[in-house]
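Going down the list, the sequences are from chains A and B.
Residue numbers for the first sequence follow this note's numbering, so the first one is -2 and each next one is one higher.
Residue numbers for the second sequence follow this note's numbering, so the first one is 232 and each next one is one higher.
For every residue, glycine included, the Cβ atom is placed at its ideal position computed from N, Cα and C.
The next block holds one structure in the form of structure tokens; read it before the comments.
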Amino acid sequence: GENVEQHPSTLSVQEGDSAVIKCTYSDSASNYFPWYKQELGKRPQLIIDIRSNVGEKKDQRIAVTLNKTAKHFSLHITETQPEDSAVYFCAASMGGFKTIFGAGTRLFVKA
Amino acid sequence: SAVISQKPSRDICQRGTSLTIQCQVDSQVTMMFWYRQQPGQSLTLIATANQGSEATYESGFVIDKFPISRPNLTFSTLTVSNMSPEDSSIYLCSVTGEIWGGSYNEQFFGPGTRLTVL
């Protein structure tokens, strides 16, 4: 079955710097890759996603890249702000079915 | 916009008992899923709740322990049976995103049920 690995487990950056979180997946049939942000005590929130027919997608300060050949995808957050502090999860699925989540990255943005 | 709600929001239960968690969506959705999130951990898919038929369970989860119902396109229940302290976790339902103008791929989560088993 699908396996998603996520790195780093913890990331600390200075406000205004960029943050990058990387994930790899194992099942070449996976074609949908969402990213979720989870603040303490709250539900995971979908922040951006990418499909396998696209290499890059951007939404304001957030971008995601996908390398299907290497089975890598990454989340890039630019100009980080304290409110970006949260746990971020990558995930992989086949058309939304059997979504498998990475272990999560705890991002700290220091003011 | 559509709302996903879960009941109860939290509960403290004695070992050996069962708890049924409800997930309600105020619009019809194609797919509903149940996840478990243990403290400080990631999300693990328990099962896909199928409308009008038996749920599809992931490896490591069985119907006797986690019976699921989905009588219609807006409602599902997850029961945690014969509980032990290891079942202490947050249980979340999720639904596909077409009702918010998104695609069937996208999943949105309910607020979760925090379960503590003593």
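Residues that DSSP places opposite K34(A) in a beta bridge:
Paired residue(s): Q42(A), Y85(A).
Spatial neighbours of I321(B) within its chain, please: C-beta separation below 6 angstroms, excluding the five flanking residues on both sides.
The answer, listed in chain order, is Q268, G343, R345.
Mapping the DSSP letters down to three states, classify E2(A) as helix, strand or coil.
Strand.
Short of 7 angstroms Cβ to Cβ, which residues in the segment 41 to 60 of chain A face chain B?
Listed by position, the residues of the segment 41 to 60 of chain A near chain B (Cβ gap below 7 angstroms) are P41, L43, D46.
In whole angstroms, what is the alpha-carbon distance linking T310(B) and Y29(A)?
Approximately 30 angstroms between the Cα atoms of the pair.
Please state the DSSP three-state secondary structure of P302(B).
In the displayed model, P302(B) falls within a strand according to three-state DSSP.
Within 8 angstroms of any Cβ in chain A, is that where the Cβ of L309(B) sits?
The beta carbon of L309(B) does not come within 8 angstroms of any beta carbon belonging to chain A, so the residue lies off that interface.
Helix or strand or just coil, what does DSSP make of D242(B)?
For D242(B), the three-state secondary structure derived from DSSP is strand.
Can you tell me where the beta strand (DSSP E) holding M263(B) begins and where it ends?
Looking at the DSSP string, the run of the beta strand (DSSP E) that includes M263(B) is 263 to 268.
Taking the beta strand (DSSP E) that E317(B) falls in, what are its first and last residues?
Looking at the DSSP string, E317(B) is not in any beta strand (DSSP E), and its letter there is neither H nor E.
Would V1(A) and F98(A) be called neighbours here (beta carbons separated by less than 8 angstroms)?
F98(A) sits close to V1(A), with the two beta carbons spaced by under 8 angstroms.
Inter-residue CB distance, C358(B) and M263(B) (contact presumed, cutoff 8 angstroms)
What is shown of chain B runs 232 to 349, which leaves residue 358(B) out entirely.
Under a three-way DSSP split, which group does E53(A) fall into?
Here E53(A) sits in strand by DSSP.
Hey, does M262(B) have any beta-carbon neighbour from chain A nearer than 8 angstroms?
Taking a beta-carbon distance threshold of 8 angstroms, M262(B) counts as an interface residue toward chain A.
Among the residues of its own chain, which have a CB less than 8 angstroms from the CB of R241(B), if the five just before and after it don't count?
Spatial neighbours of R241(B) in its own chain (CB-CB distance under 8 angstroms, excluding positions within 5 residues in sequence) are listed in chain order as T344, R345, L346, T347.
Residue closest to E36(A), alpha-carbon to alpha-carbon, out of K107(A), V84(A), F94(A)
Comparing C-alpha distances from E36(A) to each of K107(A), V84(A), F94(A) shows the shortest one belongs to V84(A).
When the cut-off is 8 angstroms and only beta carbons count, does G101(A) lie next to chain B?
So, interface residue.
What residues of chain A sit near G343(B), judged by a beta carbon separation below 7 angstroms?
The answer, in chain order, is R40.
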